[in-house]
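Going line by line, the protein sequences match chains A and B. Going by the working numbering, the residue at position 90 of the first sequence is 80; the numbering climbs one at a time, nothing skipped. Going by the working numbering, the residue at position 143 of the second sequence is 133; the numbering climbs one at a time, nothing skipped. One structure below.
Number of protein chains: 2
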Amino acid sequence: MDRINKNSFTPPFYQLATILEKKILGGELKPGEPLPSENDLGREYELSRTTVRKCLSLLAERGLISAQQGRGTFVSRPSLDRALFVMEEFNVHMAQEGKQTGQRLIHVRFRKELPEFALNLGMTTDDGILYYCRLLLADEEPVAVEHKYMRYKKGRPILENEFQYKAFSEIIAIHTDFLPVRSQATLTAESAADFDARFLQIAAGTPVLKLQQVLYTGDNKPVGIGVFYYRHDRYSLVSDIQPLKGER
Amino acid sequence: MDRINKNSFTPPFYQLATILEKKILGGELKPGEPLPSENDLGREYELSRTTVRKCLSLLAERGLISAQQGRGTFVSRPSLDRALFVMEEFNVHMAQEGKQTGQRLIHVRFRKELPEFALNLGMTTDDGILYYCRLLLADEEPVAVEHKYMRYKKGRPILENEFQYKAFSEIIAIHTDFLPVRSQATLTAESAADFDARFLQIAAGTPVLKLQQVLYTGDNKPVGIGVFYYRHDRYSLVSDIQPLKGER
DNA sequence: GAGTGGTCTAGACCACTTG
DNA sequence: AAGTGGTCTAGACCACTCC
Chain A
-9 MDRINKNSFT PPFYQLATIL EKKILGGELK PGEPLPSEND LGREYELSRT
41 TVRKCLSLLA ERGLISAQQG RGTFVSRPSL DRALFVMEEF NVHMAQEGKQ
91 TGQRLIHVRF RKELPEFALN LGMTTDDGIL YYCRLLLADE EPVAVEHKYM
141 RYKKGRPILE NEFQYKAFSE IIAIHTDFLP VRSQATLTAE SAADFDARFL
191 QIAAGTPVLK LQQVLYTGDN KPVGIGVFYY RHDRYSLVSD IQPLKGER
Chain B
-9 MDRINKNSFT PPFYQLATIL EKKILGGELK PGEPLPSEND LGREYELSRT
41 TVRKCLSLLA ERGLISAQQG RGTFVSRPSL DRALFVMEEF NVHMAQEGKQ
91 TGQRLIHVRF RKELPEFALN LGMTTDDGIL YYCRLLLADE EPVAVEHKYM
141 RYKKGRPILE NEFQYKAFSE IIAIHTDFLP VRSQATLTAE SAADFDARFL
191 QIAAGTPVLK LQQVLYTGDN KPVGIGVFYY RHDRYSLVSD IQPLKGER
């Protein structure tokens, strides 16, 4: 049996987590089977229950086990066939890849009407809509086109560089009476429309990744919609699920 | 100041989390600003430091704050412009939408060679490759085509229904000497090839969502590759970021 | 050296499940 | 009634940051 080394630089809860992870991945503990109870694990490895629990919650986060009050903690089905895609803001995403981002404002307009898809999402016009559209660049090359629609009262000027440095939800919070607290996003593939294709420098009809984002207030009214079209050859999402870094 | 109700059904750490979340979303605590120290929060709300920490770790998980040892805990930039897409196995995903899944095995073949893209991913042929290809259905309608390549020794028969009920990583673990412990997946858009388009009942060239999954052993050798093509009108990913459910 | 977050302990009470 | 996980407390030591 592996023991906990209390003089190690890696803390006990993490050591125990790698021990248990090894048993699960190695098949010693099979899906559906219960782990020893928290008290038993504490006795076995000479750790307090709090520490055991911290370890188990780490494994649960990673989808390896799940706890059921009153019953026990059980090994989950293999989690390698899942994927987790974290989509950051464009600037952040590209910075992570070491690329310089730029942007070009294509349109800013005050509109009285919303496009049909926005109405279908439950958004209302009210005092009017501010629409803007930007081309997003990475290392000088076009990567995405974004279209934004937000509820807006005329006469509250927005500086152009706000589009650049503030998140959409911030802009709405600052320039309207609405406070977005919820965001729902949908990701699919689609054919590039003529308009977007032109700015992306691709042929119309080329596949693009489409991200649609809807921001809601606390009472679940949509107050902002963003639609992104990404060139499929310059933007993709990556998920990496790996075992815990084991150490002494 | 909001107080903690110790007789409530919602536990104190959760109550405190909603209190702090409200202050952050409402702008009372602005991005970059420090929260009160854990000890101070404990004194202020009459909770132990452990409980305060549990609350803070909940907010940190949700991206609202981040802690820095020795410095303090700080409010993060607005997180509404992020998105989190969790991609489950096909069966699980469709079950969540209340759909019945089915599948049709298109090909199973023992191959001596790998396609070029697989070689580029660092996969080696060795004793040979098992290739199979399935059509995935939801409520009788074609949704995706998957192609799988795994290192494989001849003469270890696989039952057809294993493809149906076991995850790819399980099949590899059972039928080869390799144990996948790491999975890397990439998501993009692409044009449907003739082959896939036919089975998906769409025109060749139609945009599809492409997911490519590579399974690695502990020493980071690829042992299995899966490629999925999803009809964009029948498959999309959804992310929903909402505030904590506040209660008494 | 004072203050911060990171970890750990030992013990307690609760809600839930099972025999 | 016994055992399980869920929550909380009070106190301790450590590593880190900043003055």
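A virtual CB, placed ideally from N, CA and C, is assigned to each residue, including glycine.
Let's test the definition: count the other Cβ atoms within 10 Å of the Cβ of residue i and tell me whether it reaches 16, buried, or not, exposed.
i                    : result
isoleucine 14(B)     : buried
isoleucine 164(B)    : exposed
asparagine 110(A)    : exposed
leucine 49(A)        : buried
phenylalanine 107(A) : exposed
aspartate 186(B)     : buried
serine 27(B)         : exposed
arginine 124(A)      : buried
threonine 40(A)      : exposed
glutamate 51(A)      : exposed
Measure the C-alpha to C-alpha separation of residue i and residue j and round it to an integer number of angstroms.
i                   : j                 : result
arginine 172(A)     : asparagine -3(A)  : 45 Å
threonine 8(A)      : isoleucine 162(B) : 22 Å
valine 217(B)       : lysine 235(A)     : 28 Å
threonine 166(A)    : arginine 141(A)   : 7 Å
glycine 32(B)       : serine 38(B)      : 6 Å
tyrosine 139(B)     : proline 21(A)     : 25 Å
leucine 46(B)       : serine 56(B)      : 9 Å
glutamine 202(A)    : leucine 227(B)    : 10 Å
glutamate 36(B)     : glutamine 58(B)   : 23 Å
glutamine 154(A)    : isoleucine 215(A) : 17 Å
alanine 85(A)       : threonine 91(A)   : 8 Å
asparagine -5(A)    : proline 1(A)      : 9 Å
glycine 60(A)       : proline 24(A)     : 12 Å
glutamine 93(B)     : aspartate 129(B)  : 10 Å
alanine 179(A)      : aspartate 116(B)  : 36 Å
arginine -7(A)      : glutamate 34(A)   : 9 Å
proline 170(B)      : glutamate 79(B)   : 16 Å
arginine 244(B)     : isoleucine 231(B) : The first residue shown for chain B is -9 and the last is 238, placing residue 244(B) beyond what the model contains.
proline 147(B)      : glutamate 160(B)  : 15 Å
lysine 211(B)       : leucine 127(B)    : 32 Å
glutamine 5(A)      : tyrosine 4(B)     : 28 Å
phenylalanine 64(B) : proline 105(A)    : 39 Å
glycine 62(A)       : valine 76(B)      : 26 Å
Along the chain, where does the beta strand (DSSP E) containing residue i start, and where does it finish?
i                   : result
lysine 138(A)       : 131 to 141
aspartate 230(B)    : 227 to 231
leucine 97(A)       : A quick correction: the sequence has histidine, not leucine, at residue 97(A). Its beta strand (DSSP E) spans residues 91 to 101.
glycine 216(A)      : 212 to 221
phenylalanine 64(B) : 62 to 65
glutamine 202(A)    : 197 to 206
arginine 124(B)     : 119 to 128
glutamine 58(B)     : 55 to 58
methionine 113(B)   : Looking at the DSSP string, methionine 113(B) is not in any beta strand (DSSP E), and its letter there is neither H nor E.
phenylalanine 75(A) : 73 to 77
In its own chain, which residues sit with a C-beta less than 6 Å from the C-beta of residue i, not counting the 5 before and 5 after it?
i                : result
arginine 238(A)  : Summary for arginine 238(A): the model assigns pLDDT 43, below 50, so the residue's position carries little reliability, and this model does not support an answer.
glutamine 191(A) : Pro132
serine 137(A)    : First, the amino acid is wrong: residue 137(A) is histidine here, not serine. These residues qualify, in order along the chain: Cys123, Val217.
For the alpha helix (DSSP H) holding residue i, just list the boundary residues, first then last.
i                    : result
isoleucine 164(A)    : 158 to 165
arginine 172(A)      : Taken as a continuous stretch (DSSP letters only), arginine 172(A) belongs to no alpha helix (DSSP H), being part of the beta strand (DSSP E) at 172 to 181.
isoleucine 9(A)      : 2 to 15
leucine 190(A)       : 184 to 190
serine 47(A)         : 39 to 51
phenylalanine -1(A)  : It is not in any alpha helix (DSSP H) - phenylalanine -1(A) carries neither H nor E in the DSSP assignment.
arginine 224(B)      : Per DSSP, arginine 224(B) belongs to no alpha helix (DSSP H) and is neither H nor E.
glutamate 87(A)      : Counting along the chain, glutamate 87(A) falls outside any alpha helix (DSSP H), and DSSP gives it neither H nor E.
arginine 33(A)       : 28 to 35
phenylalanine 153(A) : 150 to 155
Leaving out five residues on either side along the sequence, give the residues of the same chain with a beta carbon under 8 Å from the beta carbon of residue i.
i             : result
glycine 53(A) : Ser66, Ser69, Arg72
lysine 89(B)  : Ala128, Asp129
Report the CB separation of residue i from residue j in whole angstroms; it is logged as a contact under 8 Å.
i                    : j                    : result
tyrosine 219(B)      : lysine 200(B)        : 6 Å
leucine 74(A)        : phenylalanine 100(A) : So it is not a contact: roughly 39 Å between Cβ atoms.
phenylalanine 158(A) : valine 213(A)        : The Cβ separation is near 10 Å, so there is no contact.
alanine 194(B)       : aspartate 209(B)     : Contact flag wrong, Cβ pair sits at about 40 Å.
glycine 118(A)       : lysine 102(A)        : 6 Å
glutamate 150(A)     : leucine 95(A)        : 6 Å
Sorted by chain position, which residues of the same chain lie with C-beta nearer than 7 Å to residue i's C-beta, five sequence neighbours on each side aside?
i                : result
histidine 222(B) : Pro197, Val198, Leu199
alanine 175(A)   : Leu201, Gln202, Gln203
asparagine 81(A) : Thr91
proline 233(A)   : Glu11, Leu15
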